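Participant:
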Amino acid sequence: MAAQRFDVIIMGSGLVGLTLGIGLSRHGVTCAVIDPADPETTLAPAFDGRVSSISSASWKLFQAIGIADRLEGKGCPIERIWVSDGLQPGALDFAPPEDDDMPMGIMFENRETRLALSGAAAAAEHLTLFQPDRAVRIDRSLDGVEVELQSGARLSGSLLVGAEGRGSPTREGAGITVAKWQYDHVAMVTAIHHEVNHANTAYEIFYPGGPFALLPMQPGAGAPDSQPYRSAVVWTVSRRQVEGMMALGERGWLAEAQKRIGGFLGGISLAGPRFSYPLGYHRASRITDTRLALAGDAAHGIHPIAGQGVNLGFRDVAALIEVIVDGMRLGLEPGDAQLLTRYQRWRSLDTLSVTIAMDGLVRLFDVPGRVPSLIRRAGLAAVQKSGPLKNRFMAEARGESGALPRLLTGEMV
Ligand SMILES: Cc1cc2nc3c(=O)[nH]c(=O)nc-3n(C[C@H](O)[C@H](O)[C@H](O)COP(=O)(O)OP(=O)(O)OC[C@H]3O[C@@H](n4cnc5c(N)ncnc54)[C@H](O)[C@@H]3O)c2cc1C
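Numbers given in the working numbering equal positions in the sequence shown, counted from 1, plus 44.
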């Protein structure tokens with residue numbers, strides 16, 4: 045059987061791989077997306093209890109490549125971000141100026157995003173999905189890429205993209221080393237119904253044991269009449285504690301959560317199952333090789349405290365599409381070494397600065413005691429008073445810092 049020919053072959057149809065495929069297809073670049081996971085499982089309600097904040101820059105990418113329409117009305121805008129050291133006074137409060145109607149991000153259940161991507165992928169003209177299927181042989185050479193799938197299909201392409209998440213076999217196969225460490229932290233993730241309106245505010249409350257984040261969501265089905273509002277909880281605890289916390293019954297767990305919240309949302313109840321995720325940091329030493337580019341968690345993974353992980357992946361996507369489309373217009377192939385060098389340069393500084401900033405933030409707030417707490421509160425108060433510093437933090441939250449690819453400003457390449 046003759047090999048089917050594609051410009052780009054993408055391994056992994058997670059949030060990053062599929063967005064890349066849809067964006068490339070929108071620009072007339074043909075691509076194959078391969079993933080062994082069965083969509084019946086990955087699109088089921090119980091698969092992933094996570095929610096992700098889609099930054100305003102990522103939202104512009106979604107608008108430009110036709111994904112946003114499928115998510116319209118399903119997310120909750122973040123209009124304010126509140127950062128505090130425990131429940132102490134002296135919080136940092138970000139809100140855009142009144143004449144700026146763009147939220148800092150929009151909270152979506154990962155499942156909604158997956159459904160929207162899956163619909164957009166099915167409608168994409170130049171995208172072929174091989175799922176569930178897996179590569180049994182991959183050959184990369186200076187001339188191109190060849191992939192053989194378990195189903196027997198044979199594919200050839202100009203560029204291979206590894207977007208298989210943190211354990212990326214493509215990255216391992218290329219011998220790319222990874223700097224990584226596990227935090228002493230595990231994230232407990234769920235959603236709660238509550239009595240008092242969240243007013244579209246994301247709360248990041250830092251405790252020495254780990255940060256406690258409340259992220260606003262649209263009201264959900266099955267809410268008690270007295271608790272019509274809903275927020276996602278990302279509660280980070282130490283490894284030692286997590287087993288005991290997850291073993292707590294619903295009432296006990298909610299009582300512990302309420303201690304961290306300090307009652308400002310009124311009465312609370314669980315709005316979904318509880319999941320737990322061990323947290324780690326990793327960063328590939330390089331994100332390209334012969335006819336290969338890495339994107340998303342295959343290239344880097346950060347602490348979820350500021351909800352930036354997948355947005356960093358979408359920045360990879362926007363940059364890679366721009367590099368490929370610009371290059372093809374000049375008559376170059378997508379896997380051309382010059383294009384890959386441009387992608388590597390463009391992304392490495394950005395991912396390094398974001399990953400270091402997130403790691404520093406987590407460590408800074410992890411130091412127990414009164415004096416570190418006083419210093420942190422003084423720092424928060426200083427940022428609160430400084431216009432330029434606050435604007436810088438807000439631009440980070442919106443994903444608008446650094447040399448932005450055109451798609452992140454809402455323009456097609
Ligand atoms: C607790 C927690 C909370 C988070 N909260 C946020 C948040 O609020 N905001 C945010 O931006 N980010 C958040 N993140 C991070 C975010 O979830 C990840 O950055 C994002 O899912 C990465 O997407 P990805 O497509 O790169 O990888 P993944 O989502 O891991 O997808 C990888 C895909 O590759 C497939 N695959 C695996 N092996 C193979 C193979 N051999 N061949 C082909 N395909 C393969 C998998 O089936 C999967 O579909 C959070 C993470 C955690 C743990």
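Here a beta-carbon is modelled for each residue, glycine too, at the ideal position from N, C-alpha and C.
As the structure is a computational prediction, the values presented were derived from the model and not from experiment.
1) Can you round the beta-carbon distance between R335 and G379 to whole angstroms, since I take them to be within the 8 Å contact cut?
2) Would the beta-carbon of L59 be found less than 7 Å away from any heavy atom of ligand 1?
3) Counting pairs of beta carbons, one from the stretch 77-89 and one from the stretch 97-115, are three or more of them closer than 8 Å?
4) Just how far apart, CA to CA, sit I346 and M45?
5) Give me the residue from A168, R198 and E169 with the minimum Cα distance to V180.
6) Measure the alpha-carbon distance for G310 versus Q352 and round it to whole angstroms.
7) Can you confirm whether V77, when its beta carbon is compared against all beta carbons of chain B, has any partner nearer than 8 Å?
8) As a quick exercise: from V281, G340, E153 and L159, pick the residue whose alpha carbon is nearest that of G211.
9) Measuring CB to CB, does R386 end up less than 8 Å from L452?
10) If you drop the 5 nearest sequence neighbours on each side, which residues of the same chain put their C-beta closer than 7 Å to that of L186?
11) Report the option in G288, M289, Y251 and H238 whose CA atom is closest to the CA atom of A267.
12) When burial is assigned at 16 or more other CB atoms within 10 Å of the CB, is S270 buried or exposed?
13) DSSP three-state label for I339, please.
14) Under a three-way DSSP split, which group does F256 fall into?
15) In three-state DSSP terms, what is A322?
16) If you scan the stretch 85-171 from start to end, which runs of the alpha helix (DSSP H) of 4 or more residues do you find wholly inside it?
17) Please state whether DSSP places G206 in a helix, a strand or coil.
18) What does DSSP give as the partner residue(s) for V328 in the beta ladder?
19) Hey, A207 and I54: beta-carbon distance below 8 Å or not?
20) Just grab the DSSP bridge partners of V354 for me.
21) Quick one: give me the first and last residue of the beta strand (DSSP E) that A246 is part of.
22) Going by alpha carbons, who is nearest to W225 out of Y325, A343 and G454?
23) Could you tell me how far apart the beta carbons of F152 and V95 are, in whole angstroms, since I believe they sit closer than 8 Å?
24) Relative to the C-alpha of I109, which candidate in I125, A160 and R178 has its C-alpha closest?
25) Report yes if the C-beta of M261 is less than 7 Å from at least one heavy atom of ligand 1; otherwise report no.
26) Look up S57 in the DSSP assignment and say whether it is helix, strand or coil.
27) Measuring alpha carbon to alpha carbon, tell me which residue in T86, V191 and F308 is nearest Y23.
28) One question on the structure: do F250 and D137 come within less than 8 Å of each other, judged by their Cβ atoms?
29) Rounded to whole angstroms, what's the CA-CA distance from R70 to R389? Just pull it up for me.
30) From the DSSP secondary-structure annotation, give me the bridge partner or partners of E190.
31) For G209, which option in A328, A88, A362 and I66 has the closest C-alpha, if you only look at C-alpha atoms?
32) Is it buried or exposed, T280, if we count other Cβ atoms within 10 angstroms and call 16 or more buried?
33) Would a C-beta distance cut-off of 8 Å place V77 and G58 closer than the cut-off?
34) Out of L448, S392, A265 and L314, which has the shortest C-alpha to C-alpha gap to I236?
35) Looking only at C-alpha atoms, which of G149, D113 and Q107 sits nearest to E123?
36) Please classify I66: does DSSP put it in a helix, a strand, or coil?
Facilitator: By the coordinates alone:
1) Here residue 335 corresponds to residue number 291 of the sequence shown, with the count starting at 1. Here residue 379 corresponds to residue number 335 of the sequence shown, with the count starting at 1. With a Cβ gap of about 4 Å, R335 and G379 count as contacting.
2) Translated into the one-based positions of the sequence shown, residue 59 becomes position 15. L59: yes, Cβ under 7 Å from ligand 1.
3) No, the stretch 77-89 does not touch the stretch 97-115.
4) Along the sequence shown, one-based indexing puts residue 346 at 302. Along the sequence shown, one-based indexing puts residue 45 at 1. If you take the alpha carbons of I346 and M45, they lie about 43 Å apart.
5) Residue 180 sits at position 136 when you count from the first residue of the sequence shown. When A168, R198 and E169 are compared, the shortest CA-CA separation from V180 is found for R198.
6) Locating residue 310 in the sequence shown gives position 266, where the first residue counts as 1. Locating residue 352 in the sequence shown gives position 308, where the first residue counts as 1. Across the structure, G310 and Q352 are spaced so that their CA atoms are roughly 28 Å apart.
7) Checking the listed chains, one finds no chain B in this structure; it contains a single protein chain.
8) For the purposes of this step, residue 211 is identified with residue 167 of the sequence shown, where counting begins at 1. Cα-wise, what sits closest to G211 is G340.
9) If you number the sequence shown from 1, residue 386 lands on position 342. If you number the sequence shown from 1, residue 452 lands on position 408. No, the Cβ-Cβ distance between R386 and L452 is not below 8 Å.
10) Your numbering for residue 186 matches position 142 in the sequence shown. Taking L186 as the centre and dropping the five residues before and after it, the same chain places the C-beta of T334 closer than 7 Å to its C-beta, in chain order.
11) For the purposes of this step, residue 267 is taken as the residue at position 223 of the sequence shown. Selected option, being the one with the closest Cα: H238.
12) Taking the first residue of the sequence shown as position 1, residue 270 is located at position 226. Exposed is the call here.
13) For this step, residue 339 is matched to residue 295 along the sequence shown. Checking the sequence, you will find Ala at residue 339 rather than Ile. A339 sits in coil when the DSSP states are folded into three classes, being neither helix nor strand.
14) Counting from 1 along the sequence shown, the entry for residue 256 is found at position 212. In the structure shown, F256 sits in a strand (DSSP, three-state: E or B).
15) Along the sequence shown, one-based indexing puts residue 322 at 278. The residue you asked about is not Ala; residue 322 is Pro in the sequence shown. P322: strand per DSSP, three-state reduction.
16) Counting only runs of 4 or more, we get 100-108 and 154-167.
17) One-based indexing of the sequence shown puts residue 206 at position 162. In this structure, DSSP gives G206 an extended state, which the three-state scheme calls strand.
18) For this step, residue 328 is matched to residue 284 along the sequence shown. Correcting the residue type first, residue 328 is Ala in the shown sequence and not Val. Note: A328 sits in a beta bridge opposite V222.
19) Stepping through the sequence shown from its first residue, residue 207 is reached at position 163. Stepping through the sequence shown from its first residue, residue 54 is reached at position 10. At a Cβ-Cβ threshold of 8 Å, A207 and I54 count as neighbours.
20) The residue given as residue 354 occupies position 310 in the sequence shown. The partner list for V354 (beta bridge, DSSP) is empty, contrary to what the question assumes.
21) Counted from its first residue, the sequence shown places residue 246 at position 202. T245 to F250 is the extent of the beta strand (DSSP E) around A246.
22) One-based indexing of the sequence shown puts residue 225 at position 181. Among Y325, A343 and G454, the Cα nearest to that of W225 is on Y325.
23) Start at 1 with the first residue of the sequence shown, and residue 152 comes out as number 108. Start at 1 with the first residue of the sequence shown, and residue 95 comes out as number 51. That belief holds up - the Cβ atoms of F152 and V95 are roughly 7 Å apart, short of 8 Å.
24) Here residue 109 refers to the residue found at position 65 when the sequence shown is read from its first residue. Checking every option, the nearest Cα to that of I109 belongs to A160.
25) Indexing the sequence shown from 1 puts residue 261 at position 217. Not one heavy atom of ligand 1 lies closer than 7 Å to the C-beta of M261.
26) Here residue 57 corresponds to residue number 13 of the sequence shown, with the count starting at 1. In the three-state reduction of the DSSP assignment, S57 falls in the coil class.
27) Absent from the structure is residue 23, since the part of the chain shown begins at 45 and ends at 457.
28) The sequence position of residue 250 within the sequence shown is 206, counting from 1. The sequence position of residue 137 within the sequence shown is 93, counting from 1. Cβ atoms of F250 and D137: not closer than 8 Å.
29) As a working note, residue 70 is residue 26 in the sequence shown. As a working note, residue 389 is residue 345 in the sequence shown. Roughly 25 Å separates the two Cα atoms.
30) Taking the sequence shown and counting its residues from 1, one reaches residue 190 at position 146. DSSP links E190 through a beta bridge to D183 and S200.
31) Here residue 209 corresponds to residue number 165 of the sequence shown, with the count starting at 1. In terms of Cα proximity to G209, the closest of A328, A88, A362 and I66 is A328.
32) Your numbering for residue 280 matches position 236 in the sequence shown. The residue in question, T280, is buried, as its Cβ has 16 or more Cβ neighbours within 10 Å.
33) To locate residue 77, count along the sequence shown from 1; it is residue 33. To locate residue 58, count along the sequence shown from 1; it is residue 14. Not closer than 8 Å, so no.
34) Here residue 236 refers to the residue found at position 192 of the sequence shown. The option with the nearest alpha carbon to I236 is L314.
35) Working through the sequence shown from its first residue, we reach residue 123 at position 79. E123 has its Cα closest to that of G149, out of G149, D113 and Q107.
36) For the purposes of this step, residue 66 is taken as the residue at position 22 of the sequence shown. If DSSP states are grouped into helix, strand and coil, I66 belongs with the helices.
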